[in-house]
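Undergrad: Take this structure first; my questions come after.
Numbering (our numbering), first residue to last: -2 to 522.
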């Protein structure tokens, strides 16, 4: 019995202690849930009631209590100023968010704000410290600028790179005003920048010496201040006039100088050698074998001119300029050599230069014009260049090498045909190819394999009788056949040299051009 009473009493005591514990636990859970709901509701209200609209104000010397009343009406928020809040303020703002307006008011008057949902309590800094034991005011300060020349948007883009993480930049386009909220160190930096930006625009005119004004227009336009910079291009005088802020204009000057530099040029010295092949080498020369026989010669390969005849495979190689005479001596073993021309031509970087060694064939064309009662025949003389042509485009690289795009062409008149009107028109055989070679400054490029076939006219006739008009054709005939030797090969040596831009020895270059023309006049198939 005693044991039973003991357990019954213990059970009674346990139940008595359990009820308060359960009650307390339930009360704590309800309190925590209510607090979470309240916090979530407060956060929801805060985000929900964030004013999406921007505010425009033009107020001078307004009482701060009256200002909060106006803001409350504009935003729909409940703003409760503490009795200790007082003072007057000037505000000239256009299209500014409410949060930015509130920041400006709080910082300028050392006030504090506490927001709960859609209710904002405004108090002094001392009152905030008394309630929460810490200071509300931030290290930020306010600075306002009235711009005279610069556009607020341009100033904003520049200052946005200088402000701190807690800084704010507020611009008013209509009044050309910029308001800065930031720590003193950043404000000093941004103030100095505004003074550099907000200057009257300068205008400067550039007379371009090398670049074309039209070509430079796109690059300069990229460097102008958006919306404020201006560019005027005069193609007739090759001048450009730029109007921009002084700081931006100094950068644009560097752009203009960079593009208006004296272009580098390449002086191309050429030697065109004619090799009349002997009977032993009528099938052509193995240029790869020749290159292997000279230590300093570098064989680059061959490429075809597109003809069925394998003699028209062009060989390309490089050699030192000192080996030029050695190669000429080797060529004498294959036939008779003759230096046709030694032209020199200067080409601007990335611009094509043309070299032609040959003749100008003239032919007459007739044009028949019919009127109502008469027919008129007009004759005109046309010319066509035949021979060896070289188009060379040099490109100078930063490492001092020269890349040359070489396009050789071989042409010759095969025959003349006579039209119904009596015009004799030449039929020209033309073959061309293209290659790219990269060489050092001053190195020599050899192009070989440019061959032409010799043909001669053989006339057999009876003296005196063959010259009788009409009847003479029965007393003689003319045949066209191969001569001995049948082939001639042309070897071109090209030596590119980088020059500053002023071509040296202009008289010598002009005289070389004259020699070339004299050679051409006497150069006949």
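No residue lacks a Cβ here, since even glycine has one placed at the ideal position from N, Cα and C.
Using three-state DSSP, classify residue 36 as helix, strand or coil.
TA: Residue placement at residue 36 cannot be trusted, given a pLDDT of 35 that sits under 50; what the coordinates show is reported in the next sentence. Reduced to three states, the DSSP call for residue 36 is helix.
Undergrad: Since residue 256 is in the alpha helix (DSSP H), which residue starts that stretch and which ends it?
TA: Looking at the DSSP string, the run of the alpha helix (DSSP H) that includes residue 256 is 243 to 256.
Undergrad: With a Cβ-Cβ cutoff of 8 Å, do residue 139 and residue 93 count as a contact?
TA: Contact flag unset, no.
Undergrad: Does the beta-carbon of residue 77 have 16 or more other beta-carbons within 10 angstroms, so that it is buried, or is it exposed?
TA: Label assigned to residue 77: exposed.
Undergrad: Relative to the C-alpha of residue 260, which candidate in 206, 371, 372 has its C-alpha closest?
TA: Comparing Cα positions, the closest option is 206.
Undergrad: Is there a Cβ from chain B that is less than 8 Å from the Cβ of residue 330?
TA: The structure shown contains no chain B; it holds only a single protein chain.
Undergrad: Whole-angstrom Cβ separation of residue 270 and residue 323, contact assumed at under 8 Å?
TA: 13 Å between Cβ atoms; not a contact.
Undergrad: Apart from the five residues on each side of it in sequence, which residues of its chain come closer than 8 Å, Cβ to Cβ, to residue 305?
TA: Caution is warranted here: a pLDDT of 37 is assigned to residue 305, below 50, making its placement in the model unreliable, and the coordinate value is therefore given only provisionally. Nothing listed; no residue qualifies.
Undergrad: Quick check on DSSP: helix, strand or coil for residue 413?
TA: In this structure, residue 413 counts as strand in the three-state DSSP scheme.
Undergrad: Is it true that the CB of residue 382 sits closer than 8 Å to the CB of residue 409?
TA: Their beta carbons are not under 8 Å apart, which means residue 409 does not touch residue 382 by this criterion.
Undergrad: So, under 8 Å CB-CB, residue 110 and residue 116 are touching, yes? Tell me the CB distance rounded to an integer number of Å.
TA: The Cβ separation is near 11 Å, so there is no contact.
Undergrad: Any idea if residue 149 is buried or exposed, counting beta-carbon neighbours within 10 angstroms, 16 or more meaning buried?
TA: Buried, because 16 or more other Cβ atoms sit within 10 Å of the Cβ of residue 149.
Undergrad: Flag this pair as yes or no: are the beta carbons of residue 311 and residue 447 separated by less than 8 Å?
TA: Yes, the pair counts as a contact, with Cβ atoms nearer than the cut-off.
Undergrad: With which residues is residue 192 paired in a DSSP beta bridge?
TA: None; residue 192 has no bridge partner.
Undergrad: Taking 8 Å as the cut-off, decide whether the C-beta atoms of residue 485 and residue 334 are in contact.
TA: No. Outside cutoff.
Undergrad: Should residue 263 and residue 399 be called a contact, given that it needs their Cβ atoms to be closer than 8 Å?
TA: Result yes, Cβ atoms of residue 263 and residue 399 sit closer than 8 Å.
Undergrad: Is residue 100 buried or exposed, if buried means 16 or more other CB atoms sit within 10 Å of its CB?
TA: The residue in question, residue 100, is buried, as its Cβ has 16 or more Cβ neighbours within 10 Å.
Undergrad: Quick one: does the C-beta of residue 86 sit closer than 7 Å to a heavy atom of the ligand COA?
TA: In terms of ligand content, the structure shown is empty, and the ligand COA therefore cannot be addressed.
Undergrad: For a minimum of 3 consecutive residues, which ranges assigned as the beta strand (DSSP E) are wholly contained in the segment 426 to 452?
TA: Qualifying beta strand (DSSP E) stretches, in chain order: 432 to 437.
Undergrad: With burial defined as no fewer than 16 other Cβ atoms inside 10 Å of the residue's Cβ, what is the status of residue 332: buried or exposed?
TA: So residue 332 ends up on the buried side.
Undergrad: Which residues in the same chain have their Cβ closer than 8 Å to the Cβ of residue 122, if we skip the five residues on either side of it in sequence?
TA: For residue 122, where only same-chain residues beyond five positions count, the Cβ hits under 8 Å are 107, 108, 109, 132, 133, 134.
Undergrad: With a threshold of 16 other CB atoms inside 10 Å of the CB of residue 222, please say whether the residue is buried or exposed.
TA: The residue in question, residue 222, is buried, as its Cβ has 16 or more Cβ neighbours within 10 Å.
Undergrad: Which residues bound the beta strand (DSSP E) around residue 269?
TA: Taken as a continuous stretch (DSSP letters only), the beta strand (DSSP E) holding residue 269 covers 262 to 274.
Undergrad: Quick check on DSSP: helix, strand or coil for residue 62?
TA: If DSSP states are grouped into helix, strand and coil, residue 62 belongs with the helices.
Undergrad: Can you check whether the CB of residue 243 is closer than 8 Å to the CB of residue 225?
TA: Not in contact: residue 225 and residue 243 (Cβ atoms no closer than 8 Å).
Undergrad: When the Cβ atoms of the segment 401 to 408 are set against those of the segment 426 to 438, are three or more pairs found closer than 8 Å?
TA: Segments in contact, yes.
Undergrad: Indicate the three-state DSSP secondary structure (helix, strand or coil) for residue 127 in the structure shown.
TA: Residue 127 falls in the helix class under three-state DSSP.
Undergrad: Quick check on DSSP: helix, strand or coil for residue 154?
TA: Reduced to three states, the DSSP call for residue 154 is helix.
Undergrad: Where does residue 379 sit, in a helix, a strand or coil, going by DSSP?
TA: Of the three classes helix, strand and coil, the one that applies to residue 379 here is strand, per DSSP.
Undergrad: Just grab the DSSP bridge partners of residue 89 for me.
TA: DSSP lists 55 as partners of residue 89.
Undergrad: Note down the Cα distance separating residue 97 from residue 193, rounded to an integer number of angstroms.
TA: Going by the C-alpha atoms only, they are around 26 Å apart.
Undergrad: Would you call the segment 357 to 369 and the segment 311 to 320 in contact, with 3 or more CB pairs under 8 Å?
TA: They do not touch, by the three-pair rule.
Undergrad: Quick one: what's got a C-beta closer than 7 Å to residue 420's C-beta in the same chain, skipping five residues either side?
TA: Cβ within range, chain order: 361, 362, 363.
Undergrad: List the DSSP bridge partners of residue 133.
TA: According to DSSP, which records beta bridges pairwise, residue 133 is partnered with nothing at all.
Undergrad: Report the CB separation of residue 268 from residue 487 in whole angstroms; it is logged as a contact under 8 Å.
TA: The pair is not a contact, with the Cβ atoms about 11 Å apart (cut-off 8 Å).
Undergrad: Nearest-angstrom Cα distance between residue 128 and residue 195?
TA: Computed Cα separation, rounded: 45 Å.
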